[in-house]
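S.K.: Chains as they are written, first to last, in the numbering used here: chain A, -13 to 619; chain B, -13 to 619.
Beta carbons are placed, not taken as given, at the ideal position from N, Cα and C, and that holds for glycine.
Below are the structure tokens for one structure; questions will follow.
2 protein chains.
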Amino acid sequence: MMSEPHVQFQPQGRKVPSKNGRTLLDLANDAGLSIESICGGVGVCAKCKVIVRSGIGSVTPLTSSEKEWLDALELASGMRLACQATVCGDGQIVVEVPQASQRGHHRLLEAGTERKVRPEPAITKVALKLPPATLKDLRADDDRLLEILARKVKGSVRIAQGVHAHLPSAIRKNDWTATVTLFRRSEIIRVEPGDTSDQVFGVAVDIGTTKVVAYLVDLRTGALLHTESMPNPQIPFGEDVIARITYATKNEDGLSKLQTVVASGINELILKLCESRDITPDDILETMIVGNTAMHHVFFGITPQHLAAAPYAPAVRTSLCVDPSHVKVNMYQFGKVCSLPNIAGFVGADAVSDLIASGLYEDRKIGMMIDIGTNTEIIAGNKNRLISCSCASGPAFEGAHIRFGMRAATGAIERVWIDPESHEVRLRTVDDSPPKGICGSGIVDAVAELFKNRLIDASGKINVSSKDDRTRKGKRGLPEFVLATASESGTGEEITITQHDIQEIQLAKAAIFTGVSILMKKLRLRASEIDRVYAAGAFGTYVDAASAIAIGMYPDVSVERISFIGNAAGSGARMCLKSTKMRDLADELSKKVEYVELAAEKNFQSEFAQAMFLPHRDLSRFPGAASRLRGRP
Amino acid sequence: MMSEPHVQFQPQGRKVPSKNGRTLLDLANDAGLSIESICGGVGVCAKCKVIVRSGIGSVTPLTSSEKEWLDALELASGMRLACQATVCGDGQIVVEVPQASQRGHHRLLEAGTERKVRPEPAITKVALKLPPATLKDLRADDDRLLEILARKVKGSVRIAQGVHAHLPSAIRKNDWTATVTLFRRSEIIRVEPGDTSDQVFGVAVDIGTTKVVAYLVDLRTGALLHTESMPNPQIPFGEDVIARITYATKNEDGLSKLQTVVASGINELILKLCESRDITPDDILETMIVGNTAMHHVFFGITPQHLAAAPYAPAVRTSLCVDPSHVKVNMYQFGKVCSLPNIAGFVGADAVSDLIASGLYEDRKIGMMIDIGTNTEIIAGNKNRLISCSCASGPAFEGAHIRFGMRAATGAIERVWIDPESHEVRLRTVDDSPPKGICGSGIVDAVAELFKNRLIDASGKINVSSKDDRTRKGKRGLPEFVLATASESGTGEEITITQHDIQEIQLAKAAIFTGVSILMKKLRLRASEIDRVYAAGAFGTYVDAASAIAIGMYPDVSVERISFIGNAAGSGARMCLKSTKMRDLADELSKKVEYVELAAEKNFQSEFAQAMFLPHRDLSRFPGAASRLRGRP
């Protein structure tokens, strides 16, 4: 019997064993680690890049496909296309799968990556045995409680408003045994009969403009117990942030309505979270809120009016902590609803949360966190200096203003690959359903592929003189490219990408890269000096990193330097929910992070104009992308 | 032309000039200083005692009345009966009128005496000129405000929940001039456009079991601007504290109902206070609450249940500070409703307030504060040690359980004098209206007079064998004394004082003196060592000090050592409202004051039994009273 080779896969964080005679792609898929591939494993889409860290001798040699698709640097690092490399020996093989090649990283989206933090929550419980009140011990209930508590908790502790009313019965009901819930070890927010110290729950909420995600956390262990999400119920009042600010400002009860609907939404999520663990909202002791500055302001009942006009000053930067009733959250009545701090009008608590989740603030090497949305927040730097900006990237990546644009729902084209020879188009859709439209990651892929295959030029213009039968003039004489024919599509109609669509994507990516570029210039950085790009949020997770670099949206780093941190806003919020140290750090960081108002930058217009080109008018900013282009027909 | 003598009256605190040939009584009345007198100036009621401090040569010599009514010690101190002493020279005369002899001290009742305190209120306002937000100064509104404020206020300052919502418009509305309201210089509770720093108002409220008094105070100057009062609207739910505790405990929504009605009452008073100065409740920034422990607990929505049974532990001793909405008080929404601390279940925030108003805590000499009510709080000691107790004196002094008892309303007999020779009865009634009944001070006078004239004996038994035609057996054979005949009374019916009435008063005064006596013993004090007795509250103000000593209710000190401090609970509350130093002192004192639970004292029963006698079974405890008695027929 032949001895089986031991293939170890290393997705950033996991290990997978495997067998001889098969491709690394198959083995990875067997191991439940879904690697990107669009071309069906024929070695032409180059989405399945992996790095063989050791045991290269037990893998078949490089194929011609690999030699064509991988550049010198990639080859030198041991990079292979997983569909081309077959196991052929009996040694141990260690294969690293960059996050960019993992289909599985999509699953990160809701939870986000979370760095380990020691649970040091703001909410703690202390069980106490009190001496009974007698004629020889006449102390008042509060004195009695505080004096016993002082043996266990140092420093001055006060009893929160409203808790006094429950004190007498709570301490007497279970024979003078009671449990005190403390906030930051200085305020008693609850006194319960008996010992309930094994029940300490909190909720973290990320209020996104389009989606609200809530996480139930065990505050003793720090464990994430359950996640629930829903579309932001404010959507009917305005699709994007600006529309909602307008609604809140122009209607007398606009702000109050928006606050009420989002609070009701959060209450629904809390109820579901509680049902998952057979507890009740009354067991939720703290809720930690993050969101962009406008979502934050509206949730806390603060007018977002001044965020909509220069100089876009937020009303509140510092972190807040309010009563649940103040923001209509259904949880323990004297619990706390806290927020992370904001940085600026368009760099909110969610960006602070991203920053916490990324760990960028403690790196020695330079990193850049990019959270793409209608507004894209970027924070760059390292432990010494951090600098941020917000880019008005618009809703194109959410499918808006794109002819066949749609959200990443069933049937949305999420991956596009164009064969360089035949210009044959391969698509991947959400749920592998027949295509109905195209979502953000699909359209970025499409633009990247069209450009790489010279079907559009650097200015984005569709080359209608191409002999390709998918490139043509559309109904109103405007050039377009057919992604799916009527027979291929799930709607019975053609799905095309138009000249206008391409321009929308150029505007959006130019907005982002203008921010990237200005921050890089402020930090006097070249792309090669960026050690890591942290791609946060839904779009950042779904978009293909290589495509994003190819169109000039991300800085020109090699793809393995891109880390997908998923819904980092959610994970940062959870980290801060369970650690006061992280919370205090967030407060510090929000002060420390410099903010650049792009609109006030002198060279904004020229930067933007240059960034409209694919990948950029100044190709020296994109040496990697440029060299890959030069290798093409 | 004859030179006029200069007569200077010195009521404790005021000076009055006057003329030759007239009695000191007349001159004092001319000067607006109303001196007690019941006998019409014939020198037989001895209520008009004054002390001639200098210029005794310009006053007529002692009359036989004075020699009879004043004892050796009093004569030695220069004491005279004002109705007997006539000005007869041209020198300067300085006359001191003890508070006990001032009818005017009744006017102290609502306001109470207030010792001067430097205004250092918890609430302060700071007007600020902010640099406008521009593209070159992108600070968030909160940072902007806090950074400018930091130049004027040291230490960390946070913005209270809810205030953030008003911040953006408040700072922009009046061209970046705004006024910040601070609580204890550490919390911003309001931000208003423009400069409003000349409008800083607070309210102090004394929630008495029978009466609620509210005071409007200018917190900048400390001036008392206006006073309003009303009967406690909880009365329909129970006349006394125990009845209200029962109501709160036995009815499901009892506590909430009692809280709501008293809060509504306070809101009415606040509205009236505001109308008096043309301001609105929104201008009231802080409300300081005092009351007995039960009133305090109920107002703050805390069950008073455990106050009703041994060991009578209060739920809360420490001072509270809550949001107005939490206690339904109509004032500035993010203002503060604070309380003084309690000492024990029946020595509440009102007693702490009395203590503050009395100044007893800073005396070197020993004093005793007595606040008589259904429960009588006593605090004795000096700056080194303070000791307190509560006596269940019952409602007899409010007219309850007394056959013709009534509150001190129009027609209530408030002063009684019985002629030692003729046993003729002289009465003074409230508003000098024909008598309808007898109130607390009247019944104490009556018992004292009956006893001094040996119409009752030391056990309180009415001497029916007396030849007096006002002493007789009543309808059911029980002895009684006729205070007013049918023709004298305002009701057309006789007003009598019965054997039972006398016993009620004995029980009440014994309850009080038991407390006095136990505290004296704990402090190893004789009466002569008590430098000052502070008589607080309504009854303490109205009752005749000499009569109170004669029946053995107060310790046996000379009457000029009795200071009437009026509604000291109200004045202490005002002092604490306008001075955080006094407030901190109250917190300290409430911890420092020792509490003696009389019910737990071994010798309680024997002390009580002895105190049932008039003035006491052990006459060595009442040497002054005993010597005055010995001088009688």
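Quick one: which chain B residues come within Cβ less than 8 Å of residue 583/A?
M.R.: Position 597 of the first sequence holds residue 583/A. 121, 124, listed in chain order.
S.K.: Considering only the alpha carbon of each residue, which of 228/A, 106/A, 177/A lies closest to residue 195/A?
M.R.: The residue given as residue 195/A occupies position 209 in the first sequence. Cα-wise, what sits closest to residue 195/A is 228/A.
S.K.: Please classify residue 330/B as buried or exposed, where buried requires at least 16 other C-beta atoms within 10 Å of its C-beta.
M.R.: Looking up residue 330/B in the second sequence gives position 344. Residue 330/B should be labelled buried.
S.K.: With DSSP collapsed to three states, give me the class of residue 390/A.
M.R.: By one-based count along the first sequence, residue 390/A stands at place 404. Coil, per DSSP.
S.K.: Need the endpoints of the alpha helix (DSSP H) that residue 201/A sits in, please.
M.R.: Within the first sequence, numbered from 1, the residue matching residue 201/A stands at position 215. Per DSSP, residue 201/A belongs to no alpha helix (DSSP H); it is in the beta strand (DSSP E), 197 to 204.
S.K.: Taking only three categories from DSSP, how would you classify residue 560/B?
M.R.: In the second sequence, residue 560/B corresponds to position 574, counting from 1. Residue state, collapsed to three classes: helix.
S.K.: Sorted by chain position, which residues of the same chain lie with C-beta nearer than 7 Å to residue 145/A's C-beta, five sequence neighbours on each side aside?
M.R.: The sequence position of residue 145/A within the first sequence is 159, counting from 1. So the list reads 128, 174, once near-sequence residues are dropped.
S.K.: Run through chain C and tell me which residues come within less than 8 Å of residue 244/B, C-beta to C-beta.
M.R.: Protein chains in the displayed structure are A and B, and chain C is not among them.
S.K.: Kindly indicate which three-state DSSP category residue 423/A falls into: helix, strand or coil?
M.R.: Counting from 1 along the first sequence, the entry for residue 423/A is found at position 437. DSSP places residue 423/A in strand when its eight states are reduced to three.
S.K.: For residue 65/A, which residues in the same chain have their Cβ closer than 6 Å to its Cβ, ignoring the five residues on either side in sequence?
M.R.: Working through the first sequence from its first residue, we reach residue 65/A at position 79. Only 35, 37, 56 meet the Cβ criterion.
S.K.: Taking Cβ positions only, does residue 219/B come closer than 9 Å to chain A?
M.R.: What you label residue 219/B is simply residue 233 of the second sequence in a count that begins at 1. No, no contact with chain A.
S.K.: Under the three-state reduction of DSSP, which class applies to residue 49/B: helix, strand or coil?
M.R.: As a position in the second sequence, residue 49/B is number 63, starting the count at 1. Three-state result, residue 49/B: coil.
S.K.: Using the Cβ count rule (16 or more neighbours within 10 Å means buried), how would you classify residue 114/A?
M.R.: Mapped onto the first sequence, residue 114/A falls at position 128. So residue 114/A counts as buried.
S.K.: Can you tell me the Cα-Cα spacing of residue 548/B and residue 151/B, whole angstroms?
M.R.: Numbered from 1 along the second sequence, position 562 holds the residue referred to as residue 548/B. Numbered from 1 along the second sequence, position 165 holds the residue referred to as residue 151/B. The alpha-carbon atoms of residue 548/B and residue 151/B are separated by roughly 54 Å.
S.K.: Any Cβ of chain B within less than 9 Å of the Cβ of residue 436/A?
M.R.: Within the first sequence, residue 436/A is the residue found at index 450, counting from 1. It does not: the Cβ of residue 436/A has no partner Cβ on chain B nearer than 9 Å.
S.K.: Under 9 Å between C-beta atoms, does residue 233/B make it to chain A?
M.R.: Stepping through the second sequence from its first residue, residue 233/B is reached at position 247. So, not an interface residue.
S.K.: Who are the Cβ neighbours of residue 593/B in its own chain at under 7 Å, not counting the five residues just before and after it?
M.R.: For the purposes of this step, residue 593/B is taken as the residue at position 607 of the second sequence. Counting only Cβ-Cβ distances below 7 Å, and skipping sequence neighbours, we find 500, 503, 504.
S.K.: Note down, in chain order, all residues in the segment 264 to 294 of chain B with a beta-carbon under 7 Å from any beta-carbon belonging to chain A.
M.R.: If the cut-off is 7 Å between Cβ atoms, the segment 264 to 294 of chain B has 286, 287, 288, 289, 291, 292 near chain A.
S.K.: Hey, residue 355/A and residue 363/A: beta-carbon distance below 9 Å or not?
M.R.: Your numbering for residue 355/A matches position 369 in the first sequence. Your numbering for residue 363/A matches position 377 in the first sequence. Yes, the pair counts as a contact, with Cβ atoms nearer than the cut-off.
S.K.: At 7 Å on the CB atoms, spell out the chain B contacts of residue 153/A, in chain order.
M.R.: Here the question's residue 153/A lines up with position 167 in the first sequence. 301, listed in chain order.
S.K.: For residue 367/A, count neighbouring Cβ atoms within 10 angstroms of its own Cβ and tell me buried if that reaches 16, exposed if not.
M.R.: Position 381 of the first sequence holds residue 367/A. When all chains shown are included, residue 367/A counts as buried.
S.K.: Do you know how far the Cα of residue 243/B is from the Cα of residue 289/A?
M.R.: Working through the first sequence from its first residue, we reach residue 289/A at position 303. Working through the second sequence from its first residue, we reach residue 243/B at position 257. About 37 Å.
S.K.: Using the C-alpha atoms, what's the distance from residue 208/A back to residue 90/A?
M.R.: Within the first sequence, numbered from 1, the residue matching residue 90/A stands at position 104. Within the first sequence, numbered from 1, the residue matching residue 208/A stands at position 222. The predicted position of residue 90/A is uncertain, since its pLDDT is 49 and thus under 50; a value taken from the coordinates is nonetheless stated next. Rounded to the nearest angstrom, the two C-alpha atoms are 24 Å apart.
S.K.: Could you tell me which chain B residues have their CB closer than 7 Å to the CB of residue 312/A, listed as they occur along the chain?
M.R.: Translated into the one-based positions of the first sequence, residue 312/A becomes position 326. Correct list: 147, 148.
S.K.: Roughly how many angstroms lie between the CA atoms of residue 77/A and residue 67/A, to the nearest whole one?
M.R.: By 1-based counting over the first sequence, the position of residue 77/A is 91. By 1-based counting over the first sequence, the position of residue 67/A is 81. Each residue's alpha carbon lies about 20 Å from the other.
S.K.: So does the segment 479 to 486 of chain B actually touch the segment 566 to 585 of chain B, counting three or more Cβ pairs closer than 8 Å?
M.R.: Touching, no, given that fewer than three Cβ pairs across the two stretches are closer than 8 Å.
S.K.: What would DSSP say about residue 93/B, mapped onto helix, strand or coil?
M.R.: Mapped onto the second sequence, residue 93/B falls at position 107. Because the pLDDT of residue 93/B is 43, which lies under 50, any placement of that residue in the model is unreliable, and the number read from its coordinates should be weighed accordingly. Residue state, collapsed to three classes: helix.
S.K.: Helix, strand or coil for residue 217/B per DSSP?
M.R.: Position 231 of the second sequence, counting from 1, holds the residue named residue 217/B. Note: residue 217/B maps to strand in three-state DSSP.
S.K.: Between residue 45/A and chain B, is any beta-carbon pair separated by less than 9 Å?
M.R.: Position 59 of the first sequence, counting from 1, holds the residue named residue 45/A. It does not; no Cβ of chain B falls within 9 Å.
S.K.: Would you mind telling me which residues of chain A sit closer than 9 Å to residue 328/B, beta carbon to beta carbon, in chain order?
M.R.: For this step, residue 328/B is matched to residue 342 along the second sequence. In chain order: 126.
S.K.: With distances taken from CA atoms, which of 563/A, 610/A, 597/A is nearest residue 106/A?
M.R.: Numbered from 1 along the first sequence, position 120 holds the residue referred to as residue 106/A. Comparing Cα-Cα distances from residue 106/A to each of 563/A, 610/A, 597/A, the minimum goes to 563/A.
S.K.: Check residue 242/A in the structure and name its three-state DSSP category.
M.R.: Your numbering for residue 242/A matches position 256 in the first sequence. Here residue 242/A sits in helix by DSSP.
S.K.: Output, in chain order, the set of chain B residues within a Cβ distance shorter than 7 Å of residue 297/A.
M.R.: One-based indexing of the first sequence puts residue 297/A at position 311. Near residue 297/A (Cβ distances below 7 Å), the residues of chain B are 119, 120, 121, 124.
S.K.: Taking the alpha carbon of residue 180/A as the point to measure from, which residue in 342/A, 573/A, 165/A has its own alpha carbon closest?
M.R.: Translated into positions along the first sequence, residue 180/A becomes position 194. Looking at the Cα atoms, 165/A is the closest of the given residues.
S.K.: Is it true that the CB of residue 73/B sits closer than 9 Å to the CB of residue 6/B?
M.R.: Position 20 of the second sequence, counted from the first residue, corresponds to residue 6/B. Position 87 of the second sequence, counted from the first residue, corresponds to residue 73/B. In this structure, residue 73/B lies closer than 9 Å to residue 6/B by Cβ.
S.K.: CA-CA distance, residue 320/A and residue 198/B?
M.R.: Locating residue 320/A in the first sequence gives position 334, counting from the first residue. Locating residue 198/B in the second sequence gives position 212, counting from the first residue. Straight-line Cα distance between these residues: approximately 30 Å.
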